[in-house]
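For reference, the structure is listed below as structure tokens.
Residue numbers (my numbering): 1 to 380.
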């Protein structure tokens, strides 16, 4: 898990916690959400859909200056009959635009703040159906991926997640913030904007960490006996992440005792190094860890986390540029490992690693890191 961003700017400005942003949403206050610098590095004005009045829409148009969009859950978008704007989404971050929409009744030209607010109200109504809207129009729906920011770290997913967590209609109106000269507002600009208008700024990265602490998305599927080629005996456990249906594995020896240390290795499987034995420093690390864990006099666990996608192998081969969501994916992997360790009964852990990662927030899983032990090369 990553540390919530509490960086102070100009001596008097601090990024808001997810709890503060959720409270803003619950009380109908507009807020700003920023994504990572290795992504779009932009900030969006956001307000929950049910609070998107004509005044709020006008503020976004006047001060935000970007495209005003409506974030919706996939199931509701389907009920409204919204189709993707393009079935072959070629946008850099796969932003899921649908056809533009308008309320069928009650609007004039559709472009005024009042007309757009009515279109939003109509579109997010749980009782609305396909016949209640028309296309094209002046509102631009975006479909959030199921699983929210734990699946895609975009403003669309983040805005819907925040509204849902706040107990509101799972929708939001979002608008990119642009500077007076037409350039995109970056963090220093956004801070000045927030101070001028009395708003909080939160980060999608912190929202990911928050959800990983609050949501349980790993399920235990099966366990069996396992004997290694070296003759060491373990229990093998299979877990499934129900957000992406990927399976992860844990090998354990002995039984966890609450309050006592467990020796732990959390390892992200590298296809080239771990499976194909590529000539690299990563080759053989799983084998080394298994021997070290087997020799431990006490409870030990090896968690093997599968790579997120084939993209990582393509990146290794130079066939694809690194994903812009790499940092958020690392955060998600910590959440997967923490939930598996929690199921294994681990409370205090000594981590086998040669590079100490920055992982905090483990207390949400009743886990405590008591120290580290170097990974020994048993093949030297």
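Beta carbons: idealized from backbone N, C-alpha and C, even for Gly.
On a predicted model such as this, the values are computed, not experimentally measured, just so you know.
Cβ-based burial, residue 253 [other Cβ within 10 Å; buried from 16]: buried
Chain-order list of residues whose beta-carbon lies under 7 Å from that of residue 353 (same chain, five-residue window excluded): 372, 375
For a test of the three-state rule: what should DSSP assign to residue 163, helix, strand or coil? helix
Under 8 Å by Cβ, that's how I've got residue 49 and residue 149 pegged, so tell me the actual separation to the nearest angstrom. That pair is no contact at about 18 Å.
Sub-8 Å separation of residue 80 and residue 123 beta-carbons: Their beta carbons are under 8 Å apart, which means residue 80 touches residue 123 by this criterion.
Rounded to whole angstroms, what is the Cα-Cα separation between residue 345 and residue 255? 8 Å
Helix, strand or coil for residue 60? Go by DSSP, reduced to three states. helix
When the Cα atoms are used, what is the spatial distance from residue 138 to residue 213? 38 Å
Run the CB neighbour count on residue 51, radius 10 Å, all protein chains shown included, and call it buried at 16 or more, exposed below. buried
Per DSSP, cross-strand counterpart(s) of residue 31: Partner(s): 46.
Give the secondary structure of residue 14 by DSSP, where H, G and I count as helix, E and B as strand, and everything else as coil. strand
In terms of residues, what are the limits of the beta strand (DSSP E) holding residue 135? 133-144
To the nearest angstrom, how far is it from the Cα of residue 177 to the Cα of residue 240? If I take the Cα positions, the gap works out to 39 Å.
Range of the contiguous beta strand (DSSP E) that encloses residue 348: Following the DSSP letters along the chain, one finds residue 348 inside the beta strand (DSSP E) bounded by residues 348-352.
Going by DSSP, what residues sit across from residue 84 in a beta bridge? BP columns for residue 84 point to 98.
If distances are taken between C-alpha atoms only, which option among 175, 135, 117 comes closest to residue 34? 175
In terms of residues, what are the limits of the alpha helix (DSSP H) holding residue 205? In this chain, the alpha helix (DSSP H) harbouring residue 205 covers 204-214.
Going by C-alpha to C-alpha distance, which of 349, 44, 23 sits closest to residue 187? 44
Residue 117 versus residue 195 - alpha carbon distance: The C-alpha of residue 117 lies about 26 Å from the C-alpha of residue 195.
Report the residue from 267, 161, 181 whose alpha carbon sits nearest the alpha carbon of residue 215. 161
Residue interval of the alpha helix (DSSP H) (run including residue 189): 187-197
Give me whichever residues DSSP pairs with residue 184 in a beta bridge. 178
In or out: residue 248 buried (at least 16 other Cβ within 10 Å) or exposed? buried
How many angstroms separate the CA atom of residue 46 from the CA atom of residue 159? 7 Å
C-alpha distance - residue 102 paired with residue 262, whole-angstrom precision: Approximately 58 Å, taken between the alpha carbons.
Look at the Cβ atom of residue 238, then the Cβ atom of residue 350, and state whether they are nearer than 8 Å. no
Do residue 302 and residue 243 have their beta-carbon atoms positioned less than 8 Å apart in this structure? In this structure, residue 243 sits away from residue 302, with a CB-CB distance that is not shorter than 8 Å.
Please name the residue in 217, 289, 191, 219 whose C-alpha comes closest to that of residue 12. 191
Within 10 Å of its beta-carbon, does residue 130 have 16 or more other beta-carbons around it, so buried, or fewer, so exposed? exposed
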